[in-house]
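Residue numbers (our numbering), protein chains in the order written: chain A, 767 to 1150; chain B, 767 to 1150.
Heads up, the beta-carbon is just placed ideally off N, CA and C, and yes, glycines get one too.
Reading through the structure tokens given below for one structure.
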């Protein structure tokens, strides 16, 4: 087997918006470049729900997708993933991949997990079996999954969260980060390409904690940095305030990833604050419920008003699903619980999200982002 | 609007197997040619479940698909279908289309339908609303759906069925056929292309009734002829005996369509008896349960034995789903109830069915069908 020697991850800023903190860049990985700002479709268990891999690449034009360490660890498990040569080989996605550390999923387990200094013990949601996630273990699992970008193991605080809990949790996340960094530095990637560690800023909605966390995270000098613990139920104003604060502290020459965000409006606003990367299950989850995001606003396709509408789902976007099928046909499928309805709506919503960040990149490059963003925010949040 | 003048449906036999009644042919329709023997994927409510229209055309290489009059009449309804310009325009399938008459679905409703001389009253499975299907009404509905091949309104007898019921039912089907023919002859297609009526032979598993019915159906001199009321629970030997008997009576220069059949083995055996067209929900329904048909035999992908099998689903077939994804990945998806699992399995099974009839056509043309068929039957029915 020949050894493939990729470039070490590199991030190059290519344009800045004069009226906001928005910027464009190119992030190089062992599986090719990513143009930022970018939205990353979520493929929880190694599949972006209802979407084929070639549809992700050619129709949706996704540049990077997510996998979830918690889910992939339980199924198909690290043994099979290693045998396959990593998740890329297992599911056939040949572009960049990022894995979440499992911190968020473990936090979501509630009573079925116990957080200790060493790590987290939890019961599988599948069969109730007991497992232990430590910072070291989670780095090893992500080495085996083989993502290009791997996330530090953190505790994601809930909302609301009292100050003391948030402070202690942040301290634990920082302590775990050092162990993650040590583990990554003392191990090698398994499949011949680099894996870049992104640490995660926590601190709930407390300014002083967020500042302290952002400074600590920045001091670790990793390839990129993430903001976690937002979009968990707090008001949008808090999300924007914390994001703005943290973006001012995280280094400008590294990509900034806002985890689990969000609506099209959230994404546009946070691009303006200096965020480069986003992920969210909303476009696919809402698609399966018949909620469509379009360039003109939000459509509930189950609504009677679309019954006779034979126009394309969203001709502005291009792409197969959005232009080939009509609203009336999609409504018919969704009402009849046809699987194809979930497929079309999922491809459409992801096509829209990728279109939105592509348009944002173009507007930033042109220097017209801020005006466009203000207009677009009004459009994308209205209900049609 | 310019008027499109298509050729009237034409069927040309192109080869005959010297050792069986198998034959190849080309059936010309207003939406292009169909090479026979052919398998027709079932798109009950205007969608072949879990499969995009372009996947049907380019991956599966389907040449004609089915729609169901009963389902399409209830939803989306004839008003919307007429507004769209027919089902082809509504769902974007631009190749030939056949609609079932609803006879089979109405028969399946059991206690919720009442058969009278005039027609059938039934309650919708969706909302319990009452409807009447008459031979004339069903022809009008099929005119509005706009299929290239439309089926006569028949009564599909259950199995087992006593002789007297089968005889009376057959008489009713014949009486209704005359009304169907009259209606089709006295009305025009709505969208500028011909619609060919296929009558249906009934008679349960009684030889004299099947002979009588086949002779009556043949006397109607329609564009093609169908055999109904089989594959409803009778032993395979009865299915083959009735099919053989009826094929000997139906004219050789018209396509013969065996409705609702069947397994790969059934299809191969019935091609040998002189059948040209097949449809069945089995490839898609079984796919959704994780049962795969391959050139080497039947796979239950949920089985532990496929867990680590990183080989393609079925490299022999070509096509995206069957060669891009591995058995282990598909198993992972199916076990995790991922929608993509149903999608891949559905495309794969249909690709296999279309591959099987394509191979049959090649073997008939080469004059090697019978030997190949005997070998293939042994392969396709074994469990791997």
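Exposure label - residue i; buried when at least 16 CB within 10 Å
{"i": "residue 895 of chain A", "result": "exposed"}
{"i": "residue 880 of chain B", "result": "exposed"}
{"i": "residue 1081 of chain B", "result": "exposed"}
{"i": "residue 877 of chain B", "result": "exposed"}
{"i": "residue 1144 of chain A", "result": "exposed"}
{"i": "residue 857 of chain A", "result": "buried"}
{"i": "residue 840 of chain A", "result": "buried"}
{"i": "residue 1130 of chain B", "result": "buried"}
{"i": "residue 921 of chain A", "result": "buried"}
{"i": "residue 1014 of chain B", "result": "exposed"}
{"i": "residue 1056 of chain A", "result": "buried"}
{"i": "residue 1052 of chain B", "result": "buried"}
{"i": "residue 1137 of chain B", "result": "exposed"}
{"i": "residue 867 of chain A", "result": "buried"}
{"i": "residue 891 of chain B", "result": "exposed"}
Of the residues the options, the one placed nearest residue i, counting alpha carbons only
{"i": "residue 930 of chain A", "options": "A:1129, A:971 and A:828", "result": "A:971"}
{"i": "residue 776 of chain B", "options": "B:1020, B:1146 and B:1031", "result": "B:1020"}
{"i": "residue 1101 of chain B", "options": "B:1088, B:1110 and B:1068", "result": "B:1068"}
{"i": "residue 1133 of chain A", "options": "A:779, A:778, A:784 and A:986", "result": "A:784"}
{"i": "residue 819 of chain B", "options": "B:973, B:1139, B:911 and B:855", "result": "B:855"}
{"i": "residue 1110 of chain A", "options": "B:821, B:960, B:884 and B:803", "result": "B:821"}
{"i": "residue 967 of chain A", "options": "A:979, A:973 and A:823", "result": "A:979"}
{"i": "residue 959 of chain A", "options": "A:907, A:912 and A:1024", "result": "A:912"}
{"i": "residue 1007 of chain B", "options": "B:983, B:1018 and B:1032", "result": "B:1032"}
{"i": "residue 884 of chain A", "options": "A:1136, A:891 and A:903", "result": "A:903"}
{"i": "residue 789 of chain B", "options": "B:1018, B:1104 and B:1142", "result": "B:1018"}
{"i": "residue 899 of chain A", "options": "A:891, A:1123 and A:887", "result": "A:887"}
{"i": "residue 1112 of chain A", "options": "A:779, A:874, A:811 and A:825", "result": "A:825"}
Counterpart residues of residue i in DSSP-defined beta bridges
{"i": "residue 932 of chain B", "result": "Paired residues: none, contrary to the question."}
{"i": "residue 791 of chain B", "result": "B:779 and B:802"}
{"i": "residue 1045 of chain A", "result": "A:806"}
{"i": "residue 964 of chain A", "result": "A:917"}
{"i": "residue 865 of chain B", "result": "B:833 and B:916"}
{"i": "residue 1023 of chain B", "result": "B:992 and B:1043"}
{"i": "residue 1078 of chain B", "result": "B:1092"}
Inter-residue spacing [alpha-carbon to alpha-carbon] between residue i and residue j
{"i": "residue 830 of chain B", "j": "residue 863 of chain B", "result": "5 Å"}
{"i": "residue 995 of chain B", "j": "residue 1012 of chain B", "result": "12 Å"}
{"i": "residue 772 of chain B", "j": "residue 956 of chain B", "result": "The predicted model places residue 772 of chain B with a pLDDT of 47, which falls under 50 and marks its position as unreliable; any figure quoted below should be read in that light. Whole-angstrom Cα-Cα distance: 13 Å."}
{"i": "residue 993 of chain A", "j": "residue 1010 of chain A", "result": "11 Å"}
{"i": "residue 945 of chain A", "j": "residue 901 of chain A", "result": "6 Å"}
{"i": "residue 953 of chain B", "j": "residue 962 of chain B", "result": "12 Å"}
{"i": "residue 1000 of chain A", "j": "residue 940 of chain A", "result": "23 Å"}
{"i": "residue 767 of chain B", "j": "residue 1035 of chain B", "result": "Per-residue confidence for residue 767 of chain B stands at a pLDDT of 38, beneath the threshold of 50, marking its modelled position as unreliable; no derived number is given."}
{"i": "residue 801 of chain B", "j": "residue 1043 of chain B", "result": "10 Å"}
{"i": "residue 835 of chain B", "j": "residue 871 of chain B", "result": "9 Å"}
{"i": "residue 770 of chain A", "j": "residue 1148 of chain B", "result": "With a pLDDT of 47 at residue 770 of chain A, under the threshold of 50, the modelled position of this residue cannot be trusted; read the value that follows with caution. Rounded to whole angstroms, residue 770 of chain A to residue 1148 of chain B spans 43 Å at the Cα level."}
{"i": "residue 781 of chain A", "j": "residue 814 of chain A", "result": "31 Å"}
{"i": "residue 1049 of chain B", "j": "residue 1075 of chain A", "result": "32 Å"}
{"i": "residue 897 of chain B", "j": "residue 845 of chain B", "result": "16 Å"}
{"i": "residue 1091 of chain A", "j": "residue 1106 of chain A", "result": "11 Å"}
{"i": "residue 1115 of chain A", "j": "residue 1038 of chain A", "result": "22 Å"}
{"i": "residue 787 of chain A", "j": "residue 1040 of chain A", "result": "5 Å"}
{"i": "residue 951 of chain B", "j": "residue 1127 of chain B", "result": "34 Å"}
{"i": "residue 1005 of chain B", "j": "residue 969 of chain B", "result": "12 Å"}
{"i": "residue 1087 of chain A", "j": "residue 842 of chain B", "result": "20 Å"}
Boundaries (first-last residue) of the alpha helix (DSSP H) holding residue i
{"i": "residue 992 of chain B", "result": "Not the alpha helix (DSSP H): residue 992 of chain B falls in the beta strand (DSSP E), residues 991 to 993."}
{"i": "residue 1089 of chain A", "result": "1086 to 1090"}
{"i": "residue 1119 of chain A", "result": "1105 to 1132"}
{"i": "residue 860 of chain A", "result": "Neither: residue 860 of chain A is in no alpha helix (DSSP H) and is coded neither H nor E."}
{"i": "residue 976 of chain A", "result": "973 to 985"}
{"i": "residue 1069 of chain B", "result": "First-last for residue 1069 of chain B: undefined, no H or E at that position."}
{"i": "residue 1006 of chain B", "result": "1002 to 1013"}
Endpoints, the beta strand (DSSP E) within which residue i is located
{"i": "residue 886 of chain A", "result": "886 to 889"}
{"i": "residue 1097 of chain B", "result": "Not the beta strand (DSSP E): residue 1097 of chain B falls in the alpha helix (DSSP H), residues 1093 to 1101."}
{"i": "residue 896 of chain A", "result": "896 to 899"}
{"i": "residue 880 of chain B", "result": "879 to 881"}
{"i": "residue 1064 of chain A", "result": "1063 to 1066"}
{"i": "residue 1137 of chain B", "result": "Element bounds for residue 1137 of chain B: not the beta strand (DSSP E) but the alpha helix (DSSP H), 1135 to 1147."}
{"i": "residue 1057 of chain A", "result": "1057 to 1060"}
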